[in-house]
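One structure is given below, encoded as structure tokens.
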Amino acid sequence: MPHHPRVAVVTGATQGLGLALVDGLAQRLQPGDTVYLTGRNYDHITNAIESLGSTAAEVHGEVLDVSHPHAAARFAAELAHRHSGVDIVINNAVMRVGPDDDPAAIVDEYTQINNFGTTRCLRSFFPLLRPGGRFLVIASSLGTLNYLAPVLWDRFDDLATLDDVDDQVAAWVEAVKDGSARGGAWPGFVNIPSKVGQVAAVRTLAAQRRDADADAEVLLAAVCPGMMNTPTSSAWWDVSDAPTPAQAAGAVLDLVFDPVKPEHYGRLVRSGEVLPWKPTDVA
Numbered sequence: 524m525p526h527h528p529r530v531a532v533v534t535g536a537t538q539g540l541g542l543a544l545v546d547g548l549a550q551r552l553q554p555g556d557t558v559y560l561t562g563r564n565y566d567h568i569t570n571a572i573e574s575l576g577s578t579a580a581e582v583h584g585e586v587l588d589v590s591h592p593h594a595a596a597r598f599a600a601e602l603a604h605r606h607s608g609v610d611i612v613i614n615n616a617v618m619r620v621g622p623d624d625d626p627a628a629i630v631d632e633y634t635q636i637n638n639f640g641t642t643r644c645l646r647s648f649f650p651l652l653r654p655g656g657r658f659l660v661i662a663s664s665l666g667t668l669n670y671l672a673p674v675l676w677d678r679f680d681d682l683a684t685l686d687d688v689d690d691q692v693a694a695w696v697e698a699v700k701d702g703s704a705r706g707g708a709w710p711g712f713v714n715i716p717s718k719v720g721q722v723a724a725v726r727t728l729a730a731q732r733r734d735a736d737a738d739a740e741v742l743l744a745a746v747c748p749g750m751m752n753t754p755t756s757s758a759w760w761d762v763s764d765a766p767t768p769a770q771a772a773g774a775v776l777d778l779v780f781d782p783v784k785p786e787h788y789g790r791l792v793r794s795g796e797v798l799p800w801k802p803t804d805v806a
């Protein structure tokens, strides 16, 4: 049977988990397949590609700044022209936050990458996904309503459109910037509402796409890779015994290459298990 070349895209792929995912994809895909290693800095992209050993699939570097309002759409148009579609998208682009960062000072840039970047990629790349495709958003176990006060649940639960998700994230951003979030029910750790917003985006698009994607054997899911031994994580916690990014990438890649499990669709998955969206859910 002839091999139909597959195309994969990984955002935020110049280091850490993103680079490990590119390496894993390129090792497990076949000759003739293409993996796009993307990031914001050309030199970092070049260095990342040079750090890879021999791979089965070809790895191509591409500058992609998901915080730019039109960058994902432009790259998606290029992919449609080059390949007519894509098979795997892993949305990994992220801005890290440190213990000493002032939330009000960083929240705009932070959400432009982590949240609005996610919804831009969902809007731009998902329509290109071919039958049997995978679209995974790297998130966190913090991205469930369990970590928000119940009074905030309605802001992210059962939203109708990705625009609604963006509106709720934008409202939270303004509350952080004007200081009202600090005196309200919002958690002080900006990572929590941001990750909840990412998972809400996946859930929202999945609610619209579920039947069509089931027929096409497409998987759309948020993924928690778990705690990793990285410099960013070590600023917050003792991660000396945590898996490396290469080790953590394994469970993510299993979702790419294993048959679709219907219970994973539109959900937050960690090590193959579904994490409940809120306490009343049954995983």
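If you use my numbering, the sequence shown closes out at 806, no skipped numbers anywhere.
Quick reminder that beta carbons are idealized off the backbone N, C-alpha and C, glycines included.
Keep in mind it's a predicted model, so treat the numbers as computed, not measured.
Closest by C-alpha distance to residue i, when choosing among the options
{"i": "residue 557", "options": "587, 608, 565", "result": "608"}
{"i": "residue 744", "options": "769, 794, 591", "result": "794"}
{"i": "residue 527", "options": "549, 555, 545, 547", "result": "555"}
{"i": "residue 741", "options": "698, 764, 650", "result": "650"}
{"i": "residue 600", "options": "647, 705, 567", "result": "647"}
{"i": "residue 735", "options": "593, 785, 617", "result": "785"}
{"i": "residue 641", "options": "534, 701, 574, 800", "result": "534"}
{"i": "residue 628", "options": "799, 701, 709, 739", "result": "701"}
{"i": "residue 668", "options": "623, 771, 686, 726", "result": "726"}
{"i": "residue 578", "options": "691, 550, 566", "result": "550"}
{"i": "residue 529", "options": "538, 574, 712, 582", "result": "582"}
{"i": "residue 807", "options": "664, 590, 569", "result": "Given that the chain is displayed from residue 524 to residue 806, the structure contains no residue 807 and the question cannot be resolved."}
Residues that residue i bridges to, as DSSP identifies them
{"i": "residue 527", "result": "Residue 527 is not bridged to any residue."}
{"i": "residue 661", "result": "746"}
{"i": "residue 562", "result": "586"}
{"i": "residue 652", "result": "609"}
{"i": "residue 783", "result": "The partner list for residue 783 (beta bridge, DSSP) is empty, contrary to what the question assumes."}
{"i": "residue 614", "result": "660"}
{"i": "residue 796", "result": "793"}
{"i": "residue 557", "result": "530, 581"}
C-beta atoms of residue i and residue j nearer than 8 angstroms
{"i": "residue 540", "j": "residue 615", "result": "yes"}
{"i": "residue 571", "j": "residue 536", "result": "yes"}
{"i": "residue 721", "j": "residue 662", "result": "yes"}
{"i": "residue 797", "j": "residue 787", "result": "yes"}
{"i": "residue 658", "j": "residue 719", "result": "no"}
{"i": "residue 620", "j": "residue 714", "result": "yes"}
{"i": "residue 576", "j": "residue 560", "result": "no"}
{"i": "residue 531", "j": "residue 610", "result": "yes"}
{"i": "residue 643", "j": "residue 595", "result": "yes"}
{"i": "residue 552", "j": "residue 612", "result": "no"}
{"i": "residue 696", "j": "residue 724", "result": "no"}
{"i": "residue 728", "j": "residue 675", "result": "no"}
{"i": "residue 772", "j": "residue 749", "result": "no"}
{"i": "residue 746", "j": "residue 660", "result": "yes"}
{"i": "residue 789", "j": "residue 733", "result": "yes"}
{"i": "residue 710", "j": "residue 682", "result": "no"}
Per-residue burial, residue i [other beta carbons within 10 Å of its own, 16 or more giving buried]
{"i": "residue 634", "result": "buried"}
{"i": "residue 564", "result": "exposed"}
{"i": "residue 837", "result": "Because residue 837 is not part of the residues shown, which for the chain are 524 to 806, the question remains open."}
{"i": "residue 802", "result": "exposed"}
{"i": "residue 656", "result": "buried"}
{"i": "residue 767", "result": "exposed"}
{"i": "residue 777", "result": "exposed"}
{"i": "residue 775", "result": "buried"}
{"i": "residue 617", "result": "buried"}
{"i": "residue 547", "result": "buried"}
{"i": "residue 654", "result": "exposed"}
{"i": "residue 717", "result": "buried"}
{"i": "residue 706", "result": "exposed"}
{"i": "residue 704", "result": "buried"}
Test: residue i CB closer than 8 angstroms to a CB of chain B
{"i": "residue 574", "result": "Absent from the structure is chain B; it holds one protein chain and no more."}
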